[in-house]
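A.B. asks: Sharing a structure below in structure tokens format, with a few things to ask.
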Amino acid sequence: MVRLITHNLLACHVKGCTSNNFPLEFKDVQVVLRESEFNPDFLRGFIPKIEWSALIGAARELGDTSLPDQLPEMLDDDFLKTLHHVLLEIHVEEGIMVCPNCKHNYPISNGIPNMLLAEHEIG
Amino acid sequence: MPSYLFVFAQSHSEFRLPELESIAELYGFTLSVPGDCDPSRPFMILQLDLEEHARLLASRCILIKYIYEFHAQGKDYEELHVANKANRHLWLPYAHDTSFKFLVTAYNHKIPESRQREVVESFNYMGFVGKIDLKTPQIILGCFEEYDSSSGLAVTRHDRDGRFRQAYFGRLVVEGSARALIKTFDVKKRLYYGNTSMEAEVSLLMANQAMASSSKLVYDPFCGTGSMAYPIAHFGAQVFGSDIDGRQMRGKVGKDQPPGVLRAAKQYGVADRIVDLCTFDVTRNPWRCGNLFDTIVTDPPYGVRAGAKRLGRKKELSEVQKTANIEHQLSARNKLEPYIPPTKPYELSLLAADLVVLSRYLLKPGGRLVFFLPTVNEQYEEVDIQSMLCDGMVLVANSLQGFGSWGRRLVTIRKTTDDSYPPPSFEEERNLGERVPAHKDFREQYFRGFKKEAIDDAAV
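Residue numbers (our numbering), protein chains in the order written: chain B, 1 to 123; chain V, 1 to 460.
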């Protein structure tokens with residue numbers, strides 16, 4: 001936790017910050033790898049939701065280059081296992097997610113990101 | 001379609017049919033409920049295409065005690081035996097060389113042993129000549145007498161005996177195995193829980209309404225101590241949780257320990273299905289897009305033990321205060337003393353209406369929203385639920401768990417539209433219709449003892 005599947009779904013939501021607010025950039029992260037059960041049906045269902053370039057970018061930021069630049073057309077088991085690892089087995093335990101647009105810092109502590117906005121950010 | 005006799009646990013009668021229908025839908029088979037079926041009674045005769053379907057239901061439905069192949073029923077034994085003889089094709093194949101056991105039992109009553117024997121003997125015409133085996137019989141035949149409740153009646157057990165409302169007879173197909181999960185998820189044995197944790201049986205019922213299964217993605221926007229996440233993950237789904245109060249999800253632990261919700265999830269062997277836990281206010285949420293989740297399932301805080309909160313202040317600050325406040329927020333802070341934004345109460349009828357619109361945005365087409373709504377029983381009207389719905393969201397089930405003057409309703413809503421809708425505005429000042437729903441300001445009503453608003457006697 002924070003896994004890259006989650007990172008792929010979270011955008012900055014500060015009031016008025018509506019463009020270039022995704023993906024959030026990782027900073028000062030501590031990463032832990034944890035094995036988890038492989039669920040190909042779940043992955044196949046989730047693939048249409050993935051912002052592929054954001055996923056590739058985040059994975060490379062964290063030192064994982066196993067995924068191709070483009071989502072392949074053939075979703076074979078080898079590919080799904082790689083995707084499984086990147087989406088679900090890389091956990092960011094500590095660090096900050098920074099909005100590329102407004103620079104809001106979302107801190108991650110003990111695996112839980114704090115996405116609360118400050119009073120002046122909710123409008 | 002063959003008929004099956006369902007024997008239910010006594011509690012949560014309004015949840016019986018919705019649970020069966022949800023699990024039948026999950027596995028994609030038809031469950032046929034006769035028009036005169038009375039779900040308040042613990043015996044129901046329902047139709048299924050295959051015995052295998054009965055086994056699937058018994059493996060998942062928390063409220064099923066047994067499912068029998070239905071042979072006969074009657075208001076007395078004469079009627080029952082006539083019907084049973086007409087259905088001899090169902091039991092004749094077992095008459096010659098199948099070991100068996102015969103059970104005679106009653107609901108709301110205890111049948112004396114002598115009459116139990118009489119009842120067994122009255123079935124002699126069936127000609128069962130196989131071995132009677134009480135320990136490992138090949139089949140179990142069951143005869144159930146259903147009595148009305150004896151509470152408040154001045155009759156002895158002896159006088160009541162035999163004066164049942166209906167008797168049923170059949171062959172046991174399967175025992176309900178899901179009821180054992182109530183013990184597995186017992187809150188008292190959980191490594192992490194809080195005073196708002198949902199009891200195990202009801203959280204399992206919610207997981208079934210949610211049709212939780214492997215390959216699904218489920219979201220709980222008021223995750224709290226994670227009560228909903230455990231049974232849902234147990235049934236194979238991946239779960240996201242969020243809460244405005246991170247302390248609920250973490251518990252009082254230091255950095256060296258995982259958050260409380262994850263420790264409890266580990267106890268149940270489902271930690272890796274808790275995808276992530278996030279701290280945010282659902283009315284100010286960071287979800288990048290809609291159409292994400294198969295199910296949204298939640299027990300929103302309604303104020304008896306903890307009220308729902310959203311970001312903001314009850315009273316607006318003056319300009320001077322605002323400026324000072326922003327400076328204060330931006331000043332350097334360490335990790336032990338993070339900035340905590342102010343919160344204000346989130347009124348329940350607004351929350352419920354928002355939840356439906358939010359779910360229409362976040363759910364995939366066909367997805368379900370399952371949540372508890374507390375309500376004042378005397379003032380409740382069906383329109384309270386109907387008026388929460390919006391285009392593309394259809395009510396599937398509405399089951400009351402009563403606590404006397406109040407109760408909570410488990411509401412199940414399905415997204416029936418393929419169209420994309422925008423996220424809700426979460427506006428606070430808006431008109432929810434003319435009628436004040438019974439759940440409005442539930443917390444205040446609860447602490448007033450559900451009396452009508454006190455007349456201001458100072459003014460009199």
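C-beta: ideal position from N, C-alpha, C; glycine also.
From the DSSP output, in three-state form, read off B:ASP41 for me.
C.D. replies: Here B:ASP41 sits in helix by DSSP.
A.B. asks: Please state if the CB of V:MET393 and the CB of V:ARG435 are separated by a distance shorter than 8 Å.
C.D. replies: Not in contact: V:ARG435 and V:MET393 (Cβ atoms no closer than 8 Å).
A.B. asks: By DSSP, does V:GLN10 sit in helix, in strand, or in coil?
C.D. replies: Reduced to three states, the DSSP call for V:GLN10 is coil.
A.B. asks: Are there three or more Cβ pairs, one per stretch, closer than 8 Å when the stretch 3-13 of chain V is compared with the stretch 41-52 of chain V?
C.D. replies: Touching, yes.
A.B. asks: Whole angstroms are fine: how far does the CA of V:GLY170 sit from the CA of V:PRO93?
C.D. replies: V:PRO93 and V:GLY170: Cα-Cα distance of roughly 14 Å.
A.B. asks: Starting from the Cα of V:GLY152, find the closest Cα among V:ASN108, V:ASP186 and V:ALA180 and give me that residue.
C.D. replies: With distances taken between Cα atoms, V:GLY152 lies closest to V:ASN108.
A.B. asks: Could you have a look at V:VAL436 and say whether DSSP puts it in helix, strand or coil?
C.D. replies: Coil.
A.B. asks: Look up V:ALA458 in the DSSP assignment and say whether it is helix, strand or coil.
C.D. replies: Below a pLDDT of 50, predicted positions are generally treated as unreliable, and V:ALA458, at 42, falls in that range; the measurement from the model is reported next regardless. In this structure, V:ALA458 counts as coil in the three-state DSSP scheme.
A.B. asks: Would you call the stretch 273-285 of chain V and the stretch 214-232 of chain V in contact, with 3 or more CB pairs under 8 Å?
C.D. replies: Because the criterion of three Cβ pairs below 8 Å is met, the stretch 273-285 of chain V and the stretch 214-232 of chain V touch.
A.B. asks: Quick one: what's got a C-beta closer than 8 Å to B:ALA58's C-beta in the same chain, skipping five residues either side?
C.D. replies: Cβ neighbours of B:ALA58 beyond the five flanking positions: LEU4, HIS7, ASN8, PRO23 and PHE26.
A.B. asks: Is it buried or exposed for V:LYS75, if we count other Cβ within 10 angstroms and need 16 for buried?
C.D. replies: It is exposed - the Cβ of V:LYS75 has fewer than 16 other Cβ atoms within 10 Å.
A.B. asks: Using a Cβ-Cβ cut-off of less than 8 Å, list which residues of the stretch 221-233 of chain V approach chain B; keep chain order.
C.D. replies: The residues in question: there are none.
A.B. asks: Please report the Cβ distance between V:THR417 and V:PRO365, rounded to the nearest whole angstrom; I am assuming they are in contact, meaning their Cβ atoms lie under 8 Å.
C.D. replies: Indeed, because the Cβ distance is near 6 Å, the residues count as touching under 8 Å.
A.B. asks: For V:GLY290, I'd like the list of residues in its chain whose CB is within less than 6 Å of its CB, leaving aside the five on either flank, ordered along the chain.
C.D. replies: The answer, listed in chain order, is TYR361 and LEU362.
A.B. asks: From which residue to which residue does the beta strand (DSSP E) around V:ILE296 run?
C.D. replies: Segment 293-298, the beta strand (DSSP E) holding V:ILE296.
A.B. asks: Is there a C-beta anywhere in chain B that falls below 8 Å from the one on V:GLN379?
C.D. replies: Not one chain B Cβ lies under 8 Å of V:GLN379.
A.B. asks: May I ask which residues mark the beginning and end of the alpha helix (DSSP H) holding V:ASP276?
C.D. replies: Where V:ASP276 is concerned, there is no enclosing alpha helix (DSSP H), although the beta strand (DSSP E) it sits in stretches over 274-279.
A.B. asks: Starting from the beta carbon of V:GLY312, find every residue of chain B whose beta carbon is closer than 9 Å, and list them in chain order.
C.D. replies: The answer, in chain order, is GLU119 and ILE122.
A.B. asks: With DSSP collapsed to three states, give me the class of B:THR6.
C.D. replies: It is helical.
A.B. asks: From the DSSP secondary-structure annotation, give me the bridge partner or partners of V:GLN401.
C.D. replies: For V:GLN401, which the question treats as bridged, DSSP gives the partners V:ARG408.
A.B. asks: Using the C-alpha atoms, what's the distance from B:ARG60 back to B:THR82?
C.D. replies: In a straight line, the C-alpha of B:THR82 is about 14 Å away from that of B:ARG60.
A.B. asks: Any beta-carbon of chain V closer than 8 Å to the one on B:ARG60?
C.D. replies: Closer than 8 Å: no.
A.B. asks: Could you tell me whether the Cβ of B:ILE50 comes closer than 8 Å to any Cβ of chain V?
C.D. replies: B:ILE50 does not count as touching chain V.
A.B. asks: Could you work out which residues of chain V lie near B:PRO100, taking near to mean beta carbons separated by less than 9 Å?
C.D. replies: Within 9 Å Cβ-Cβ: nothing; B:PRO100 doesn't reach chain V, min ~13 Å.
A.B. asks: Cβ of V:ARG368 versus every heavy atom of the ligand ZN: is any distance shorter than 7 Å?
C.D. replies: Absence of the ligand ZN is noted for the structure shown, with no ligands found whatsoever.
A.B. asks: When the Cα atoms are used, what is the spatial distance from V:SER114 to V:VAL120?
C.D. replies: Roughly 10 Å separates the two Cα atoms.
A.B. asks: Figure out for me which residue from V:ASP354, V:GLY449, V:ILE326 and V:PHE15 has the closest Cα to the Cα of V:ASP281.
C.D. replies: Answer by Cα proximity: V:ASP354.
A.B. asks: Can you have a look at V:THR82 and say buried or exposed, based on whether 16 or more other CB atoms are within 10 angstroms of its CB?
C.D. replies: For the sequence presented, residue 82 of chain V should be read as Val rather than Thr. Looking at its Cβ environment, which holds fewer than 16 other Cβ atoms inside 10 Å, V:VAL82 is exposed.
A.B. asks: I'd like the list of long-range same chain contacts for V:ILE455, defined as Cβ closer than 6 Å, with 5 residues on each side in sequence excluded.
C.D. replies: In this prediction, V:ILE455 has a pLDDT of 44, which is less than 50 and means its spatial position is unreliable; what the coordinates show is noted afterwards. Hits under 6 Å: none found.
A.B. asks: In the DSSP assignment, find the beta strand (DSSP E) that holds B:ASP28 and state where it starts and stops.
C.D. replies: Taken as a continuous stretch (DSSP letters only), the beta strand (DSSP E) holding B:ASP28 covers 25-33.
A.B. asks: Taking only beta carbons into account, state which residues of the stretch 180-195 of chain V come closer than 9 Å to chain B, listed in chain order.
C.D. replies: Within the stretch 180-195 of chain V, no residue qualifies.
A.B. asks: According to DSSP, what are the bridge partners of V:ASN377?
C.D. replies: In the DSSP output, where bridge partners are listed per residue, V:ASN377 has none listed.
A.B. asks: Taking 8 Å as the CB-CB cut-off, is V:MET249 touching chain B?
C.D. replies: True, the Cβ-Cβ gap to chain B drops below 8 Å.
A.B. asks: Along the chain, where does the beta strand (DSSP E) that runs through B:VAL14 open and close?
C.D. replies: Careful: B:VAL14 lies outside any beta strand (DSSP E) and carries neither H nor E.
A.B. asks: Rounded to the nearest angstrom, how far is the Cβ of V:PRO221 from that of V:ILE296, given a contact under 8 Å?
C.D. replies: 7 Å between Cβ atoms; contact.
A.B. asks: Is the beta carbon of V:SER13 less than 8 Å from the beta carbon of V:SER40?
C.D. replies: Against a cut-off of 8 Å, the Cβ pair of V:SER40 and V:SER13 comes out as a contact.
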